[in-house]
Amino acid sequence: MDTLAAHRLQFAFTITYHYLFPQLTMGLACLIFLLKTRAHFFQDDASGRAARFCLRIFGLSFVMGVVTGIPMEFQFGTNWARFSAMSGGIIGQTLAMEGMFAFFLESSFLYLLLYAEDRIGPRLHWLMSLLLFVGTWLSGFFIVCTNAWMQHPVGYRVAPDGTLELTSIGALLTNPWAFVEYAHTMNGALITGCFTMSALGAFYVLRGRASEAAERMLKVGVIVGVLAAISAAAPTGDLQARLVAKYQPVGFAAMEGHFHTEDGAGLTLVGQPNMDSQTLDNPLVVPNVLSLLTFQRWNARVLGLNEFPRSEWPDNIPLLYYAYHIMAGLGTIFIALMGSAALLLWRGKLASCRPVLWALLLAVPLPFIANTAGWMTAELGRQPWIIHGVLRTSAGSSAHVSGGNVLFTLLGFMGLYSLLSLLFVLLVARIIAAGPSDAPSAHASEH
Amino acid sequence: METVWFLLLTGALGAYVVLDGFDLGVGMLSVLVAKTDAEKRQLYRSVGPVWDGNEVWLLASGGTMFLAFPKLLATGLSGFYLPIMLVLWLLLLRALSIELRHQLHDSMWTALWDALFFASSLLLVVVFGAALGNVLRGVSYGPDGHFFAPLWTTFLPIAPVGALDWFTVTIALESVVVLALHSALWLEWRTDEQVERRAAALADRLFWLALVGAGVATALSLYVQPRLLAGLAQRPWVFACVLPVGALLLVPILRKRGRKGAAFVASALHIGGLLLAAALSLYPWMLPGTEAGSGLTVQTAKAADYSLMVGLCWWLPALGLVLFCQRYVYRQLPAKFSLEDDVAH
């Protein structure tokens, strides 16, 4: 394997695996805060029990996120030394902010939230759930801000020695790309949290172990879930797509599978990119819709890949195309599923509608796939650049780390993460088997 | 400005060594001080609420280095590729052992995690100690200002050297002793019953080892890295840092008077003093080269001035927030993690 491919594969593997957990914990952190708020301010003990149960799953997932997250920060230096040396003065800001603001907040209060509810009392426990919610979402912001700068670099200049210098921290933190990307990313995380929580609720109802706590989980998951599923498409997804079309037109053409410039371009629903003939095989296209969605005009011109030199094309167009279409397709399914569930919930029939409960339960893997596919779209679409338009990925890796060494550590990560998967499945299955407590707890007297 | 960041980075790394040092040390001592399962749980409880926060100082140090000295981060981490990866894997296994051990009540399950907790803690201290040794001795830069350190070559005192050689391994052993003492003092202070007694007995013996070790490590460092002496000659006031190093001598006195908390703080001062003295005598070098005059200095490794300035504007307030959070967590800890009070997990 060539050295650059090994570097890229290791980062792709470790970040993809890592992000399975933060998307869940960031989503759950928000939902747990909602449950805690209901429990504390509306004296609803069932919500408190649901929150306590979800915190156990949250705690385990958080550990997985922490142990797989630590390698991410260090891989900038170990595997991408030339990129780090060039841009550290800029992205070092946001990465250090994550450490100083978010990690300390999370690490300080997670233990108290998980293990000290009796000791610190309900008011402080609610506050801890808020701080953890803020901590995890801040963490997300700093990471997205870092990525947004790589997608759309702002507030910098090139120094005489070729490194990049920050010229405006304000521009870095208010990068328009960062806001849209953050909204869409957190939206995705919220969807994962909602699907997970409503699936757990649905599982207990289907299993004949319906309890007030399980119903709360189902209800919160579905209500927030339908809102999140809709806003993932519009406004956040729509805004994100328009930014890509504006600033990364070649990536946009590639992810749409749009080989040739067209006036009034159609939206491809299905089709397989054929790189030899530069066409889509077996296309199903809705005429003019791509132009309409992107530029709000029926006959607007959408640039195709043919407008750009080959050296600027993303290096894996079919994968990029599939990633984007998988994300968008799943997003559509999410709206349909959560929409039906919300309708049934409103009519008071959700708990007795077994097919929809089954669908909610089986849909659990889908948001994880959609989030992963979304990030693959962002990262593959940025290629061949590591900093879009500034530094090519091939010029960013560590020059002195050989391919053999990278392959060694990549295999090591794969082995360790397989072990992690087994442990996670084993332990999470035990938590789910135990389920939320049915009886009003001793904590109720404190309210 | 870069000097300020040099001090902040030294401080953050120092906080990491002092704080995570004692929970790493608890892992190293776990096979010696805890025999029964209840005693083992007592050990885990004494680090459970704080280890993650302590370890964040490592991430914060990494972020700070990225921000202020990007070339040092890039050159250093890619040059020490294999040792760093080893550290990452060990950190992963160690975090799992602390967080997963209590999830199943099964003797084989807990035995597995106990063994991993011990082994990963010990190996981490060895690797971190060796890392300090490498920074002190310097690395062999190539013509383009980068390097790649093999894990080991030969342990003989001749070039070419690897990340592990006779000098760095000596520093690693000294680190093991110092942090073992540090955590023995923590356990003597914050636990009771057998664990406290065994930790106290260990501390008695480790004190003498640490005293000898500090002398040997200092002498060897001055021998392999002449720039340390040169730095000291230029900045004699660095000798003021010898004062906290001397806090080690207070440890037995304070313990005899029953002031266990103060003895732990004295050990923390000793460790912080050693690191500060090393950093200040090395200054302005951050990662010296083995060739005369080569290496990265604060000036050659630093980011642009604007980055350093705006970084300072938010870093210092953030530090206040961090200290507030950590103080709160530490104040929540019980005065003693009692053997009988076995409910937290």
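Residue numbers (the numbering used here), protein chains in the order written: chain A, 123 to 569; chain B, 489 to 833.
Idealized CB from N, CA, C, for every residue including glycine.
Cβ-based neighbour list, residue i, same chain, cut-off 8 Å, excluding 5 preceding and 5 following
| i | result |
| --- | --- |
| residue 559 of chain A | 171, 174, 175, 335 |
| residue 306 of chain A | 354, 358, 359, 361, 362, 496 |
7 Å CB neighbourhood of residue i in its chain, flanking five on each side removed
| i | result |
| --- | --- |
| residue 279 of chain A | 287, 289 |
| residue 223 of chain A | 260 |
| residue 524 of chain A | 125 |
| residue 545 of chain B | 500, 503, 504, 507, 508 |
| residue 560 of chain B | 553, 774, 775, 784, 789 |
| residue 799 of chain B | 555, 556 |
| residue 352 of chain A | 457 |
| residue 377 of chain A | 442, 443, 446, 499, 503 |
| residue 161 of chain A | 167, 169, 170, 173 |
| residue 550 of chain A | 179, 182 |
| residue 128 of chain A | 525, 528, 529, 532 |
Beta-carbon neighbours of residue i, restricted to chain C and to distances below 8 Å
| i | result |
| --- | --- |
| residue 522 of chain A | The structure shown has no chain C; the protein chains it does contain are A and B. |
Whole-angstrom distance between residue j and residue i, CA atom to CA atom
| i | j | result |
| --- | --- | --- |
| residue 384 of chain A | residue 292 of chain A | 38 Å |
| residue 229 of chain A | residue 540 of chain B | 6 Å |
| residue 440 of chain A | residue 498 of chain A | 12 Å |
| residue 644 of chain A | residue 486 of chain A | Residue 644 of chain A is absent from the model: chain A starts at 123 and stops at 569. |
| residue 431 of chain A | residue 591 of chain B | 56 Å |
| residue 674 of chain B | residue 542 of chain B | 14 Å |
| residue 133 of chain A | residue 197 of chain A | 8 Å |
| residue 817 of chain B | residue 242 of chain A | 12 Å |
| residue 252 of chain A | residue 345 of chain A | 20 Å |
| residue 270 of chain A | residue 320 of chain A | 31 Å |
| residue 179 of chain A | residue 155 of chain A | 14 Å |
| residue 728 of chain B | residue 536 of chain A | 49 Å |
| residue 492 of chain B | residue 755 of chain B | 25 Å |
| residue 626 of chain B | residue 749 of chain B | 37 Å |
| residue 782 of chain B | residue 717 of chain B | 17 Å |
| residue 650 of chain B | residue 529 of chain A | 21 Å |
| residue 460 of chain A | residue 147 of chain A | 20 Å |
| residue 209 of chain A | residue 331 of chain A | 54 Å |
| residue 110 of chain A | residue 500 of chain A | Because chain A is modelled from 123 through 569, residue 110 of chain A falls outside the range shown and cannot be assessed. |
| residue 505 of chain A | residue 130 of chain A | 11 Å |
| residue 371 of chain A | residue 313 of chain A | 28 Å |
| residue 515 of chain B | residue 801 of chain B | 37 Å |
In DSSP terms, what residue i is bridged to
| i | result |
| --- | --- |
| residue 724 of chain B | Beta-bridge pairing links residue 724 of chain B to no other residue. |
| residue 828 of chain B | DSSP lists no partner for residue 828 of chain B. |
| residue 392 of chain A | A/406 |
| residue 384 of chain A | A/424 |
| residue 579 of chain B | Paired residue(s): none; residue 579 of chain B is not in a bridge. |
| residue 514 of chain A | A/507 |
| residue 777 of chain B | B/627 |
| residue 640 of chain B | B/652 |
| residue 401 of chain A | A/396 |
Own chain, CB closer than 6 Å to residue i, minus 5 neighbours either side, in chain order
| i | result |
| --- | --- |
| residue 690 of chain B | 672 |
| residue 220 of chain A | 261, 264 |
| residue 389 of chain A | 408, 411, 412 |
| residue 572 of chain B | 565 |
| residue 548 of chain B | 500 |
| residue 598 of chain B | 589 |
| residue 68 of chain A | This structure gives no information on residue 68 of chain A, because the portion of chain A shown stretches from 123 to 569. |
| residue 445 of chain A | 495, 498, 499 |
| residue 151 of chain A | 254, 255, 258 |
| residue 325 of chain A | 483 |
Handout entry: Complete runs of the beta strand (DSSP E) confined to the segment 226-313 of chain A [at least 3 residues]
Key = 278-280, 286-288
Problem - Ranges of the beta strand (DSSP E) found wholly within the segment 345-373 of chain A, counting only runs of at least 3 - result: none
Exercise for the section: Kindly provide the ranges of any alpha helix (DSSP H) runs that are 4 or more residues long and lie completely inside the segment 509-569 of chain B, ordered along the chain. Expected result: 525-535, 539-556, 558-567
Exercise for the section: Could you run through the segment 573-585 of chain B and flag, in chain order, every residue whose CB is less than 7 Å away from some CB of chain A? Expected result: 573, 576, 577, 579, 580, 583, 584
Problem - Residues within the segment 276-290 of chain A neighbouring chain B, beta-carbon criterion of under 7 Å - result: 281, 287, 288, 289
Exercise for the section: Pick out the complete alpha helix (DSSP H) segments inside the segment 674-736 of chain B, 4 residues or longer, and give them in chain order. Expected result: 681-712, 714-722, 730-733
Handout entry: 3 or more residues per run - each beta strand (DSSP E) lying fully within the segment 150-222 of chain A
Key = none
Exercise for the section: Could you run through the segment 811-823 of chain B and flag, in chain order, every residue whose CB is less than 8 Å away from some CB of chain A? Expected result: 813, 814, 816, 817, 820
Practice task
Scan the segment 440-455 of chain A for residues whose Cβ lies nearer than 7 Å to a Cβ of chain B and list them as they occur along the chain.
Solution key: none
Exercise for the section: Could I get the ranges of all uninterrupted alpha helix (DSSP H) runs contained in the segment 734-802 of chain B, with 4 residues as the minimum, in chain order? Expected result: 735-744, 748-770, 786-789
Practice task
Name, going along the chain, the residues of the segment 172-194 of chain A whose beta-carbon falls closer than 7 Å to a beta-carbon of chain B.
Solution key: 185, 188, 189, 192, 193
Problem - Contact residues within the segment 528-543 of chain B, judged by C-beta distance below 7 Å to chain A - result: 536, 537, 540, 541
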